[in-house]
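Below is one structure, written out as structure tokens, with a few remarks after it.
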Amino acid sequence: MSGQDSLLPPPTLALGPAGWLRQNLFSTWYNALLTIVLVAFLVPLVAVTLRWIVTEARWGVVTANLRLFLIGQYPFEEAWRIWLSLTMLSVLTGVSAGVYGGATVRTLATWLAAGQALLAALAAVSGLGPAVVLALVANAALVWVAFLAVRWRLRSVSHRLVGFAWLASIPISVILLQGIRGLPLPIVTSNLWGGLLLTFLLAIVGILLSFPFGVLLALGRRSSLPAVRFLSTAYIELIRGVPLVTILFMAAVMLPLFLPSNVRIDQVLRAMVGITLFSAAYVAENVRGGLQAIPLGQVEAAHAIGLNAFQTNRFIVLPQALRAVIPANVGLFISLLKDTTLVTIVGLLELLGIGRAVLAQPQWFGAQLEVYVFIAAVFFVLCYTMSQASYRLETALGVGTR
Amino acid sequence: MSDHLDHAGPAAGIIVCRDVHKWFGDLHVLRGIDMTVKAGEVVVIFGPSGSGKSTFIRTINRLEEHQRGEIFVDGIELTNDIRNIAAIRSEIGMVFQQFNLFPHLTALQNVTLGPIRVRKLRRDRAEQQGMDLLERVGIPEQAHKYPAQLSGGQQQRVAIARALAMQPKIMLFDEPTSALDPEMISEVLDVMRELAVSGMTMLCVTHEMGFARAVADRMVLFDEGLIVEEGPPSQIFEAPAQARTRQFLSQILH
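Here the protein sequences come in this chain order: A and B. The working numbering numbers the first residue of the first sequence as 1 and each following residue consecutively. The working numbering numbers the first residue of the second sequence as 1 and each following residue consecutively.
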């Protein structure tokens, strides 16, 4: 029993289509029955749904109001500023995909390009004009151009430079969208921002700001300084004990009462602050879970080689803890994206709010289903992108495999 | 039983411990430990589980705080002053029973992290030194693997290299072979033996009696938070003074 003779290859398990059907759908009499019942149920359902989508639905409600859905009441003649911000986002995403080369950024880049191409097609059939279509198509293409340019020519773009460009892109986008005194950019007050634009901005700002804030809160809650620990815990418990709607109301209605009358904070900014403060408490609790999962031995080993408390967190604890809570945090950010619809309550018209405004027009009376299906589809694409990117990120960072 | 150390001052040894006490809650785990270790000395600490031997060596680099008595390392007193703690930790390398490698870093990154972040060594210098150390512990070819891809013995050797990378004057070993599969114990002991021969001051908590007999200058038996007996291996193995020593040795040597 030694040598090559006793080493057998694993048995092959090839199934033909018939075999697959047999094994998976008709293995026993009750599985067969279940299959037949489900098919009998699903076929008419799918048929009816498809017939509605293709022949009955009045998609005119979407195409006629696409501008509102996309940018709200943002002046159409200034909309190039939005497309230009998207151009910046596209180029940066493409460059990052080229520089970092990971599956995560590539997934995001793919979806960003595909999403803009889809919007371009929608804009084309909705008659938003060739300029808009061209801008969106160009943006979609620029994602790939930037990616390929980095891949083939400029491999040496430094990571630090890309990070700096991302940081700089945030204030530049804000100035571009809002306008600024002293530049030939008319001010577009944020109460005119709406639709997908507003949804996108609220979600991105909420995610980008609540993440670092939440990490700090989580560290604070485990701090050895009692005051820091108490304040962090109190903040987290307070926020988690209050619905988001309440916080948005407080930010919108009550905050101005506490501020001096000459200080006026913009309504969108207030919503952003509210969402960020709310989400940070949940990020903190997720991250705390990750921190608790790090064995004490890791901290001891870090101390033993002389790392101080800050370095121990920075190089040992946080990298492991944050990686362990990626799935939970992405889940949180997906629900944050969907929760942005709540800002309707304080009078902001994000995607869902615009939908309701559109439905208030008499000529689209009765088109609820079309509008809500469209909005649901948009949200699905956004959320699905995030979850796909997070799967790639988990794989890349080896969650669970250590 | 500790009278013989009363004349010892901070200058008498690289590690000087006087009347060290430690409580976990109400549990009095160290009940007055006196020990002086000279530079270059290899001390093996052994004793039954719960005798305080691990706790004792962990007080020396302040992974545990002692609550009474005094500890001097290379003339620096171990106090609550964070600068003293940092100075002492930079002189002491530690190897743990469970290795405690950083799982998100490669073997080489584990070794270079301390030199780069604490000693502020340039990355290329640190990596050069790290590769030399991995060479010394016999696993240069594993430098770019992650801990989970290494065997227990390899992980422990990386952990030794990581501790050595800080160029410590003293190495503490907390049961370095207890978590290893039997066939991997000798590869770790070989590295430790080589280290002992090179003149490193070592405090090892271990029950590897073959290693102790071959390498230790002194063996110390802990029981119930006290030192029961200490002496050169020849005395401990051939002519132990205490009945407790004979009894414990007969238990672990079968």
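Positions of the beta carbon are idealized from the N, C-alpha and C atoms, including for glycine.
Which term fits residue i, buried or exposed, when burial requires 16 or more other beta carbons within 10 angstroms of its beta carbon?
i, result
"A/Tyr282", "buried"
"A/Gly206", "buried"
"B/Val197", "exposed"
"B/Pro176", "buried"
"A/Val43", "exposed"
"A/His303", "buried"
"A/Trp152", "exposed"
"A/Trp52", "exposed"
"A/Arg240", "exposed"
"B/Lys120", "exposed"
"B/Ser49", "exposed"
"B/Arg68", "exposed"
"B/Lys38", "exposed"
"A/Ile275", "buried"
"B/Gln142", "buried"
"A/Ser6", "exposed"
Output the distance between the C-alpha atoms of residue i and residue j, rounded to the nearest integer angstrom.
i, j, result
"B/Ala163", "B/Leu221", "26 Å"
"A/Thr344", "A/Gly179", "24 Å"
"A/Leu34", "A/Leu21", "13 Å"
"A/Ala14", "A/Asn24", "14 Å"
"B/Arg31", "B/Gly231", "20 Å"
"B/Gly138", "B/His28", "41 Å"
"A/Ala218", "A/Val287", "6 Å"
"B/Ser90", "A/Leu322", "28 Å"
"A/Ile172", "A/Leu161", "16 Å"
"A/Leu89", "B/Phe173", "53 Å"
"B/Arg123", "A/Val99", "22 Å"
"B/Ala126", "A/Glu300", "22 Å"
"A/Ile204", "B/Ala148", "36 Å"
"B/Met1", "B/Glu224", "Here B/Met1 scores only 39 on pLDDT, less than 50, and its place in the model should not be relied on; the value that follows carries that caveat. One C-alpha to the other measures close to 15 Å."
"B/Arg244", "B/Val158", "36 Å"
"A/Val48", "A/Phe41", "11 Å"
"A/Thr63", "A/Ala109", "26 Å"
"B/His144", "B/Ala161", "14 Å"
"A/Phe26", "A/Phe380", "33 Å"
According to DSSP, is residue i helix, strand or coil?
i, result
"B/Arg119", "coil"
"B/Lys22", "strand"
"B/Asp74", "coil"
"B/Met200", "coil"
"B/Asp124", "helix"
"A/His159", "helix"
"B/His28", "strand"
"A/Phe406", "Outside the shown range of chain A, which is 1 to 402, sits residue 406 of chain A, and nothing can be said about it."
"B/Ser250", "helix"
"A/Gly355", "helix"
"A/Arg264", "coil"
"B/Met166", "coil"
"A/Val46", "helix"
"B/Val137", "coil"
"B/Ile92", "strand"
"A/Trp52", "helix"
"B/Asp190", "helix"
"B/Val16", "strand"
"B/Ile33", "strand"
"B/Val220", "strand"
"B/Asp174", "strand"
"B/Gly40", "coil"
"A/Val325", "coil"
"B/Gly69", "strand"
If I measure Cβ to Cβ from residue i and keep anything under 6 Å in the same chain, skipping five residues before and after, which residues do I get?
i, result
"B/Leu249", "none"
"A/Thr385", "Trp111"
"B/Asp6", "At B/Asp6, the pLDDT of 41 sits below 50, so the modelled position is not reliable; the number obtained from the coordinates is stated separately. The answer is none, since no qualifying residue turns up."
"A/Asn329", "Asn286"
"A/Phe333", "Ile207"
By Cβ distance, which residues of its chain are closer than 7 Å to residue i, with the 5 residues on each side in sequence left out?
i, result
"A/Leu393", "Thr104, Ile326"
"A/Trp144", "Gly94, Ala113"
"A/Leu352", "Thr341, Thr344, Ile375"
"A/Ile354", "Leu68, Phe69, Gly72, Gly194, Gly195"
To which residues of the same chain is residue i closer than 8 Å at the C-beta, ignoring the five residues directly before and after it?
i, result
"A/Val215", "Val283, Ala284, Val287, Leu318, Leu322"
Exercise. Does the pairing of the stretch 180 to 187 of chain A with the stretch 308 to 327 of chain A give three or more beta-carbon distances under 8 Å?
Worked result: Contact fails between the stretch 180 to 187 of chain A and the stretch 308 to 327 of chain A, because fewer than three Cβ pairs, one in each stretch, are under 8 Å apart.
Exercise. Do the stretch 185 to 200 of chain B and the stretch 71 to 81 of chain B touch if we need at least three Cβ pairs shorter than 8 Å?
Worked result: Verdict: no, contact absent.
Exercise. Taking contact to mean at least 3 C-beta pairs separated by less than 8 Å, is the stretch 61 to 71 of chain B in contact with the stretch 215 to 229 of chain B?
Worked result: At 8 Å Cβ cutoff, the stretches do not touch.
For this session: Evaluate the contact criterion for the stretch 95 to 112 of chain B versus the stretch 174 to 190 of chain B: three or more CB pairs, one atom per stretch, below 8 Å.
Result: Three or more Cβ pairs closer than 8 Å define a contact, and the stretch 95 to 112 of chain B meets that threshold against the stretch 174 to 190 of chain B.
Exercise. How about the stretch 143 to 155 of chain B and the stretch 184 to 191 of chain B: do they share at least three Cβ pairs that are nearer than 8 Å?
Worked result: When Cβ pairs closer than 8 Å are counted between the two stretches, the stretch 143 to 155 of chain B is seen to touch the stretch 184 to 191 of chain B, the count reaching three or more.
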